[in-house]
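Here is the structure we will look at.
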Amino acid sequence: MYEYDWSTIPAALPILWEGMKITLQVTLTAIVVGIVWGTLLAVARISNSGPLAWLAAGYVNLFRSVPLVMVILWFYLIVPQLLRAVFGTALQDIRLASAITAFCLFEAAYYSEIVRAGIQSVSRGQISAALALGFSYGQAMRLIILPQALRNMVPLLLTQAIILFQDTSLVYVIGLADFFGASYKVGDRDGRLVELLLFAGLIYFVLCFAASMLVRIMQRKTA
Amino acid sequence: MIEFRNVSKWYGSFQVLTDCSTKVDKGEVVVVCGPSGSGKSTLIKCVNALEPFQKGDIVVDGTSVGDAKTSLPKLRARVGMVFQHFELFPHLTITENLTIAQTKVLGRGREEAEQKGLKLLDRVGLKAHAAKFPGQLSGGQQQRVAIARALAMDPICMLFDEPTSALDPEMINEVLDVMVELANEGMTMMCVTHEMGFARKVAHRVIFMDQGRIIEDADKGEFFGTPRSERAQQFLSKILQH
Ligand SMILES: Nc1ncnc2c1ncn2[C@@H]1O[C@H](COP(=O)(O)OP(=O)(O)O)[C@@H](O)[C@H]1O
Ligand SMILES: [Mg+2]
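Sequence order for the protein chains is A and B. To convert, take the position in the first sequence, counting from 1, and add 3; that gives this note's numbering. To convert, take the position in the second sequence, counting from 1, and add 92; that gives this note's numbering.
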């Protein structure tokens with residue numbers, strides 16, 4: 004029978020907190036950049052301009068069709084090589100930068116689909132009315148359509164953010180010590196892997212469950 | 093003011109408008125009627141290029157709509173339009189609805205825009221509702237705000253696409269009253285509507301459309317007296333019954 008021993012956890016908290024900071028950094032950057040870049044992709048995709056719409060669709064379909072863990076590895080193994088070839092200097096530790104880049108670009112593909120559905124949920128008459136007043140297409144999108152679309156999308160955007168928060172644990176494949184990675188390292192070092200992973204799981208569960216409850220409350224309010 | 097020259101339009105292989113020519117002079121009120129699907133909305137949406145057309149041209153106050161060099165936002169800013177479903181911006185207050193295009197399109201200052209917006213809101217009898225959101229107003233009230241929103245741009249002419257057909261009967265008159273007043277002030281207006289009472293009262297001319305063609309284009313008296321085409325006669329007898 005396995006003897007549980009939780010006594011190593013208090014001493015590990017500072018290291019775990021360092022890991023959580025990385026997790027949050029990747030998550031928040033990917034949310035912000037992902038939504039902005041995803042919105043641009045969505046607008047490009049529904050625009051009438053052929054090549055732009057086509058490129059955006061290609062981008063979204065590409066990133067939605069490959070596993071996230073592979074994208075993380077690509078950006079760790081391939082992109083730095085390219086940068087080195089271009090800039091000639093050996094880069095420092097690029098694990099965090101490459102992970103953030105991978106998540107931003109990957110999440111943008113998912114966010115763009117959410118934003119596209121949001122834009123299409125705004126009635127056609129709204130864009131006609133905006134254009135009829137003399138707004139340019141860009142102004143009509145920015146001032147009239149997107150604010151309405153975003154409001155309809157908030158629950159979906161938050162749900163995607165919760166998934167993203169969990170998915171950041173995949174950065175362990177490039178040896179980055181996020182919250183999950185840090186828990187694993189400490190547990191391994193102290194011979195208390197089971198306890199540390201249970202503890203990390205509990206923290207993920209509490210945070211994500213609380214966030215999804217929040218989303219549900221918001222949904223009830225807007226419905 | 094608005095001149096249609098042999099306008100034709102297709103959706104794919106389906107021809108929506110066939111060789112439409114007519115004219116709306118300055119200060120004139122023209123009512124467009126005809127059965128559903130005959131192309132009335134499409135015709136007036138061509139005036140501000142919300143719908144592109146493939147043949148012919150429309151000239152609005154000297155500006156060719158079909159010319160690729162024409163700035164469509166500039167043209168549209170000078171042509172007011174009122175829609176069947178109001179299309180107020182639901183995320184903005186009534187005041188913001190009235191000012192946003194003034195500030196962002198015409199570059200007016202905030203204060204000037206608000207003054208103008210509130211004056212027009214007062215004119216349509218809704219000053220007390222300035223701080224509300226569109227969803228808090230009745231259909232008739234929303235449509236009056238929509239008219240005020242268009243007027244705030246100081247348009248050279250106004251287009252109406254069935255402005256009362258989405259309204260409950262008891263609200264139709266409050267909107268028509270505003271339109272009648274506008275007509276009496278000399279606004280150039282092109283109105284798609286089946287409100288023949290309105291047409292009788294203020295229209296100068298009536299255009300009757302069927303299957304994408306302008307079948308009848310006559311002075312009001314002539315049209316209500318003895319429409320020449322059988323289609324128009326049938327149509328009139330149908331809608332005048334109730
Ligand atoms: N986007 C579109 N694509 C194809 N056909 C359309 C489109 N919009 C309108 N139509 C068709 O064009 C015709 C004229 O429509 P419309 O101008 O809205 O008529 P009305 O306003 O007189 O009822 C109708 O037969 C309609 O089905
Ligand atoms: Mg119509």
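Cβ coordinates follow ideal geometry from the N, Cα and C atoms, glycine included.
| Asked | Found |
| --- | --- |
| What residues are listed by DSSP as bridge partners for residue 95 of chain B? | B:115, B:151 |
| Which same chain residues end up closer than 6 Å to residue 322 of chain B when comparing Cβ atoms and leaving out the 5 residues on each side of it in sequence? | none |
| Mapping DSSP to helix, strand and coil, what is residue 271 of chain B? | helix |
| Using alpha carbons as the reference points, say which of B:222, B:309, B:260, B:140 lies closest to residue 230 of chain B. | B:260 |
| With a threshold of 7 Å (Cβ to nearest heavy atom), would residue 254 of chain B be considered close to ligand 2? | yes |
| Rounding to the nearest angstrom, what Cα-Cα distance links residue 180 of chain A and residue 174 of chain A in this structure? | 8 Å |
| Please confirm if residue 180 of chain A has its CB atom under 8 Å from at least one CB of chain B. | no |
| Shortest alpha-carbon distance to residue 98 of chain B belongs to which of B:250, B:111, B:105, B:316? | B:111 |
| Determine whether the Cβ of residue 229 of chain B lies closer than 8 Å to any Cβ atom of chain A. | no |
| With distances taken between CB atoms, is the gap from residue 185 of chain A to residue 6 of chain A smaller than 8 Å? | no |
| I believe residue 267 of chain B touches residue 255 of chain B by the beta-carbon criterion, under 8 Å. Please report the beta-carbon distance rounded to the nearest angstrom. | 6 Å |
| Could one say the Cβ of residue 192 of chain B lies closer than 8 Å to chain A's Cβ atoms, at least one of them? | yes |
| Assuming residue 220 of chain B contacts residue 180 of chain B under a Cβ cut-off of 8 Å, what Cβ separation, rounded to an integer in Å, is found between them? | Between residue 180 of chain B and residue 220 of chain B the Cβ distance is about 17 Å, and since that is not below 8 Å, they are no contact. |
| For residue 246 of chain B, tell me which candidate among B:126, B:286, B:193 has the shortest Cα-Cα distance. | B:193 |
| What's the gap between the Cα of residue 105 of chain A and the Cα of residue 168 of chain B? | 43 Å |
| How would you call residue 130 of chain B, buried or exposed, if buried means at least 16 neighbouring beta carbons within 10 angstroms? | buried |
| Straight-line CA distance for residue 177 of chain B to residue 52 of chain A? | 28 Å |
| Any C-beta of chain A sitting closer than 8 Å to the C-beta of residue 82 of chain B? | Outside the shown range of chain B, which is 93 to 334, sits residue 82 of chain B, and nothing can be said about it. |
| Which stretch, first to last residue, makes up the beta strand (DSSP E) that contains residue 120 of chain B? | Segment: none, residue 120 of chain B is in no beta strand (DSSP E) and carries neither H nor E. |
| Give a yes or no on whether the minimum CB-CB distance between residue 169 of chain B and chain A is below 8 Å. | yes |
| Going by the beta-carbon positions, is the gap between residue 93 of chain B and residue 118 of chain B smaller than 8 Å? | yes |
| How many Å lie between residue 223 of chain B and residue 240 of chain B at the Cα? | 15 Å |
| Could you give the DSSP three-state label for residue 248 of chain B: helix, strand or coil? | coil |
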